[in-house]
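A.B. asks: First residue of the sequence shown? That's 1 in UniProt numbering, and the numbers climb one at a time after it. Backbone N, C-alpha and C define an ideal beta-carbon position, used for all residues, glycine too. I'd like to ask you about the structure that follows.
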Amino acid sequence: MSIKEYLTDEHRECDKLYAKVESLVQEGNWGQAEEAFRAFKDANLLHFKREEDVLFPAFEETTGVVMGPTQVMRMEHAQARDLMDRMEKAIKEKDKKSFLSLGDTFVVLLQQHNMKEEQILYPMCDQHLVADEVIEKMKQL
């Protein structure tokens with residue numbers, strides 16, 4: 001399996017988890033929405049950790065490129081974390097309008113972010129890194 005395949009699969013899983021949360025919020029099922037949101041947030045944070053603690057440093061060390069795409073991805077991860085914190089607050093306050101608005105912003109950010117990773121960064125990583133080694137390290141987190 002390539003790095004691109006492995007991490008793209010994680011993107012799709014996170015997308016599915018968000019769709020579930022959004023559906024529960026739309027229904028006003030706040031208890032289940034809060035539980036589903038925790039799973040969604042945890043999955044995203046683990047994905048970011050795998051990239052930031054394993055993939056990005058390996059790519060930077062191998063290529064010598066430290067102020068390039070990985071720096072942009074880290075900044076976008078920070079934006080996504082902030083949005084998830086605000087979305088979590090909206091769920092706890094049972095604020096459907098705020099959650100859905102923040103969720104729309106999150107989805108747009110992540111669609112653009114994931115496209116850059118999947119079309120640019122991951123193929124570069126597969127070109128320069130040993131996929132099996134990187135994936136194994138990511139799985140250990």
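Of all the alpha helix (DSSP H) runs that stay within the bounds of the stretch 1-46, which reach a length of 4 or more residues?
C.D. replies: 3-27
A.B. asks: What is the residue span of the alpha helix (DSSP H) that residue 115 lies within?
C.D. replies: Here residue 115 refers to the residue found at position 115 when the sequence shown is read from its first residue. 96-116 is the extent of the alpha helix (DSSP H) around residue 115.
A.B. asks: In the DSSP assignment, the alpha helix (DSSP H) including residue 60 goes from what residue to what residue?
C.D. replies: Here residue 60 refers to the residue found at position 60 of the sequence shown. Counting along the chain, the alpha helix (DSSP H) containing residue 60 begins and ends at 56-63.
A.B. asks: Residue 140 by DSSP, collapsed to three states: which one?
C.D. replies: For this step, residue 140 is matched to residue 140 along the sequence shown. Note: residue 140 maps to coil in three-state DSSP.
A.B. asks: What separation, rounded to the nearest whole angstrom, lies between the Cα atoms of residue 46 and residue 141?
C.D. replies: The residue labelled residue 46 in the question sits at position 46 within the sequence shown. The residue labelled residue 141 in the question sits at position 141 within the sequence shown. So the two alpha carbons sit approximately 8 Å from each other.
A.B. asks: Report the rounded CA-to-CA distance for residue 8 versus residue 124, giving the unit in angstroms.
C.D. replies: For the purposes of this step, residue 8 is taken as residue 8 along the sequence shown, with counting starting at 1. For the purposes of this step, residue 124 is taken as residue 124 along the sequence shown, with counting starting at 1. Residue 8 and residue 124: Cα-Cα distance of roughly 14 Å.
A.B. asks: Go ahead and pull the three-state DSSP assignment for residue 129.
C.D. replies: Position 129 of the sequence shown holds residue 129. Under the three-state reduction of DSSP, residue 129 is assigned to coil, being neither helix nor strand.
A.B. asks: Kindly list the residues whose CB is nearer than 7 Å to the CB of residue 58, restricted to its own chain and excluding five residues on each side of it in sequence; keep chain order.
C.D. replies: Walking along the sequence shown from the start, residue 58 turns up at place 58. Within the same chain, 129, 134 come within 7 Å of residue 58 by CB-CB distance, once the 5 residues on both sides are set aside.
A.B. asks: In this structure, does DSSP put residue 124 in helix, strand or coil?
C.D. replies: The residue given as residue 124 occupies position 124 in the sequence shown. Three-state DSSP puts residue 124 in a helix.
A.B. asks: Note down, in chain order, each residue of its chain lying with its Cβ closer than 6 Å to the Cβ of residue 94, except the 5 sequence neighbours on either side.
C.D. replies: Along the sequence shown, read from residue 1 onward, the residue named residue 94 stands at position 94. These residues qualify, in order along the chain: 30.
A.B. asks: Contact between the stretch 35-55 and the stretch 77-85: three or more CB pairs below 8 Å?
C.D. replies: yes
A.B. asks: Quick check: the stretch 111-126 against the stretch 61-77, are at least 3 beta-carbon pairs closer than 8 Å?
C.D. replies: yes
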